[in-house]
Amino acid sequence: MTLDNGAEVIIGFEVHLELNTATKLFCPCATAFGAAPNTSVCPVCLGHPGVLPALNQEAVALAVRAAVALGCRINLVSRFDRKNYFYADLPKGYQISQFDRPLAESGSVALLGTDRKVRIRRIHMEEEAGKLNHEGESLWTADSSLVDFNRAGIPLIEIVSEPDMRSPEDGRLYLHSLIRTLSYLDVSDLRMEEGSLRCDANISLKPAGYEGDLEDLPRVELKNVNSIRNVVRGLEYEIARQAALLDVGGTVARETRGFDDASGTTLSQRSKEAANDYRYFPEPDLLPLRLEAAWVDEVRQALPMLPEAWAAKMMGYGVRGQDAEVLVSDPGLVRFAEATHAAGAPFPDVVSWILGDVARLQNAHHLPYGEGPLCAERLARLMALIGDGTLSGRMAKEVLEAIYDDDEDPDAIVAARGLRQVSDIDALTIIVGTVIDANGKVAEDFRAGKDKALAFLVGQVMKATRGQAEPAVVNRLLRERLLGGNPL
Amino acid sequence: MRLSHQDVEHVARLARLRLTPQERERMVEVLSSVLAHMEVLGDGVSSERPLSTDRVNAFSGLREDRPSRTEAPERLLALGPNTRAGQFSVPRIVQDA
Chain A
1 MTLDNGAEVI IGFEVHLELN TATKLFCPCA TAFGAAPNTS VCPVCLGHPG VLPALNQEAV
61 ALAVRAAVAL GCRINLVSRF DRKNYFYADL PKGYQISQFD RPLAESGSVA LLGTDRKVRI
121 RRIHMEEEAG KLNHEGESLW TADSSLVDFN RAGIPLIEIV SEPDMRSPED GRLYLHSLIR
181 TLSYLDVSDL RMEEGSLRCD ANISLKPAGY EGDLEDLPRV ELKNVNSIRN VVRGLEYEIA
241 RQAALLDVGG TVARETRGFD DASGTTLSQR SKEAANDYRY FPEPDLLPLR LEAAWVDEVR
301 QALPMLPEAW AAKMMGYGVR GQDAEVLVSD PGLVRFAEAT HAAGAPFPDV VSWILGDVAR
361 LQNAHHLPYG EGPLCAERLA RLMALIGDGT LSGRMAKEVL EAIYDDDEDP DAIVAARGLR
421 QVSDIDALTI IVGTVIDANG KVAEDFRAGK DKALAFLVGQ VMKATRGQAE PAVVNRLLRE
481 RLLGGNPL
Chain B
489 MRLSHQDVEH VARLARLRLT PQERERMVEV LSSVLAHMEV LGDGVSSERP LSTDRVNAFS
549 GLREDRPSRT EAPERLLALG PNTRAGQFSV PRIVQDA
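Chains as they are written, first to last, in the working numbering: chain A, 1 to 488; chain B, 489 to 585.
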């Protein structure tokens with residue numbers, strides 16, 4: 001994205017992800033969300049003197065899993081460092097993070113719907129801070145704050161991208177693409193609204209003709225925006241604000257700004273401290289983290305199939321590209337489609353049912369795919385009943401609704417409701433004759449060229465058969481009888 | 489490495505410490521000698537232990553992800569200087585400009 005004044009937009013992201021562990025990164029306190037304040041704390045996560053951190057192995061496993069899925073190189077030796085700063089949510093006065101020896105480096109994320117990639121610079125592990133509850137209308141007017149340390153010490157990974165994005169739309173695509181891949185890994189809840197995924201966007205404007213290092217441009221960090229939509233809004237506002245400053249010969253300050261949802265603007269929070277102001281130094285209480293190459297390979301081999309591979313597989317079965325993309329946006333959908341296919345249903349039909357009526361009904365009942373009355377086996381059986389001609393499409397929809405209402409197998413519903421498509425030609429021929437005799441005027445209209453008259457007659461036959469006639473057969477029989485084709 | 493007065497002032501500001509001129513002078517000397525000693529130590533230490541293969545599994549030495557409680561939370565909360573509604577109470581975060 002190039003602005004009117006020739007400046008180019010430069011965007012990079014730092015995404016923080018809370019890992020799905022049972023305990024915190026350095027102590028055995030539970031990580032449950034929503035517990036009463038300060039009930040999941042201990043001397044380690046409260047930063048009492050003399051305590052020692054003990055690294056959680058599951059956090060390492062999940063972090064490595066995410067990193068290999070994003071194509072990163074895993075550093076077999078990485079190190080924890082102390083990042084020193086003062087804030088009331090940080091009881092030790094420092095955060096245990098990783099500085100110059102991160103867990104992983106040099107990955108990438110393919111941008112959805114494009115042939116471009118955003119490079120991942122690094123992924124490192126660190127601990128969460130506590131949560132501040134400001135007493136007052138806002139942070140700026142509060143007299144005091146209350147601190148809940150339940151969150152302090154929960155394991156995080158920080159995914160740092162290169163500044164490869166050139167527009168807010170690129171940023172949106174990046175976050176969607178990243179979250180889509182991560183959603184297949186079961187490493188995090190990925191809930192932005194609950195804070196288990198948070199993103200900070202770095203944004204600069206590169207003046208036309210600038211040849212220097214992008215890192216040297218004045219950069220604004222947009223902090224902790226709680227939805228992808230607001231990230232886009234914040235970026236759009238920042239681009240306009242910075243461009244206006246540059247247009248009048250001003251300079252953009254290097255600072256951290258927060259996004260204000262109500263006004264759609266960004267507000268200065270603090271001037272951005274340079275990295276050396278954090279006075280990083282190696283954490284003396286933890287050994288360097290040493291991983292074995294063979295174990296990292298095992299993690300890589302054990303990765304689940306990722307969305308790009310799923311989409312390719314679906315298309316190989318004849319699913320339309322657009323449908324495949326919709327399907328793989330949710331790993332729950334993909335697993336349900338795969339299970340239905342494994343239960344004997346052909347893929348393109350599975351996808352068309354799942355993206356259509358099944359999606360509607362699952363959403364209406366607020367159910368994740370595969371949970372509730374409709375299991376993969378029932379859907380596969382329903383589709384088999386269509387395939388062998390027992391049910392028409394309309395009947396199948398009725399049976400599908402009944403599965404949700406009655407929690408019964410399709411065969412039981414078909415039997416209980418007498419739903420069986422009538423395709424017996426002799427029986428239908430008699431009914432067709434009766435309907436034509438009873439509707440002589442309409443039959444004449446059709447013979448005179450009014451095609452719409454046929455629909456009425458088809459409707460009458462369907463009514464006479466309580467909807468169980470096969471419409472295509474009825475149509476054919478009516479035409480033959482009325483237009484004098486093959487004598488019946 | 490010898491620290492300047494500005495270095496000491498900078499570190500003191502980050503650590504939220506206010507130094508008298510005498511203290512600042514003393515800290516220049518003390519911190520410079522600490523750093524000089526670090527350099528001596530650094531000369532004698534090899535940079536990295538080579539990656540060994542003596543490990544029985546990938547996670548030896550790491551903690552299992554099993555929750556446990558070491559101390560009653562009420563006792564820990566009671567250690568705070570000010571508490572309210574089960575939380576630690578701290579002065580307002582944002583300083584006046």
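Backbone N, C-alpha and C define an ideal beta-carbon position, used for all residues, glycine too.
| Asked | Found |
| --- | --- |
| How is Leu507/B classed by DSSP in three states: helix, strand or coil? | coil |
| Check whether the Cβ of Leu502/B lies closer than 8 Å to any Cβ atom in chain A. | yes |
| Where do the ends of the beta strand (DSSP E) carrying Asn202/A lie? | 197-206 |
| Taking Cβ positions only, does Phe259/A come closer than 8 Å to chain B? | no |
| Our contact map puts Pro168/A next to Met125/A with C-beta atoms below 8 Å; I'd like the distance itself, whole angstroms only. | Wrong, their Cβ atoms sit about 29 Å apart, outside the cutoff. |
| At what residues does the alpha helix (DSSP H) containing Asp349/A begin and finish? | 347-353 |
| Looking only at its own chain, which residues have a Cβ that is under 6 Å from the Cβ of Asp189/A, when we skip the five neighbours before and after it? | Ser196 |
| So what does DSSP say about Lys117/A, is it helix, strand or coil? | strand |
| If you scan the region 297-321 of chain A from start to end, which runs of the alpha helix (DSSP H) of 4 or more residues do you find wholly inside it? | 307-316 |
| If the cut is a Cβ gap below 9 Å, which residues of chain B does Cys29/A touch? | Pro555, Ser556, Arg557, Thr558 |
| Give the single residue among Asp357/A, Gly370/A, Pro368/A, Cys375/A whose Cα lies nearest to the Cα of Gly393/A. | Asp357/A |
| For Asn150/A, which residues in the same chain have their Cβ closer than 6 Å to its Cβ, ignoring the five residues on either side in sequence? | Ala35, Ser40 |
| Residues of chain B with CB closer than 8 Å to the CB of Arg279/A, please, in chain order. | Val499, Leu502 |
| Measure the beta-carbon distance from Leu286/A to Pro37/A and round it to whole angstroms, keeping in mind my assumption that it falls under 8 Å. | Between Pro37/A and Leu286/A the Cβ distance is about 28 Å, and since that is not below 8 Å, they are no contact. |
| Can the beta-carbon of Ile123/A be found less than 8 Å from the beta-carbon of Ile159/A? | yes |
| Following the continuous alpha helix (DSSP H) through Arg481/A, name the residue where it begins and the one where it ends. | 471-483 |
| Any idea which residues DSSP pairs Val9/A with across the strands? | Leu205/A |
| Quick one: give me the first and last residue of the alpha helix (DSSP H) that His134/A is part of. | No alpha helix (DSSP H) contains His134/A, which is instead part of the beta strand (DSSP E) from 131-135. |
| What's the C-alpha gap between Asn224/A and Glu255/A? | 14 Å |
| Can you give me the Cβ contacts of Ala208/A inside the same chain, cut-off strictly under 6 Å, excluding the 5 residues immediately before and after it? | Gly6 |
| Just checking: is the beta-carbon of Pro43/A within a distance shorter than 8 Å of some beta-carbon in chain B? | yes |
| Going by Cα to Cα distance, which pick from Leu505/B, Glu562/B, Pro509/B is closest to His590/B? | Here chain B comprises residues numbered 489 to 585, so residue 590/B is not present and cannot be evaluated. |
| Around the Cβ of Asn75/A, are there at least 16 other Cβ atoms within 10 angstroms (buried) or fewer (exposed)? | buried |
| Using a Cβ-Cβ cutoff of less than 6 Å, which residues in the same chain neighbour Leu491/B once the five nearest sequence positions on both sides are dropped? | Val516, Leu519, Ser520 |
| Closest Cβ-Cβ distance between Gln575/B and chain A: below 8 Å? | yes |
| Of the residues Arg79/A, Thr23/A, Thr31/A, Arg101/A, which one's Cα is nearest the Cα of Arg551/B? | Thr23/A |
| Let me know the secondary structure DSSP gives Ile157/A once reduced to three states. | strand |
| Have a look at Ala464/A, Ser161/A, Gln269/A, Ser145/A and flag the residue whose alpha-carbon is nearest the alpha-carbon of Cys72/A. | Ser161/A |
| Using the three-state DSSP reduction, which class does Val496/B fall into: helix, strand or coil? | helix |
| How many Å lie between His16/A and Ile157/A at the Cα? | 6 Å |
| Specify the secondary structure class of Val435/A as computed by DSSP and reduced to three states. | helix |
| Starting from the beta carbon of Ala54/A, find every residue of chain B whose beta carbon is closer than 7 Å, and list them in chain order. | Arg551 |
| Give the straight-line distance between the Cα atoms of Leu182/A and Ala69/A, rounded to the nearest whole angstrom. | 8 Å |
| Could you round the C-beta distance between Val147/A and Asp89/A to whole angstroms and report it? I think they count as a contact, below 8 Å. | 6 Å |
| Taking contact to mean 3 or more Cβ pairs, one atom from each stretch, closer than 8 Å, check whether the region 461-470 of chain A and the region 425-444 of chain A are in contact. | yes |
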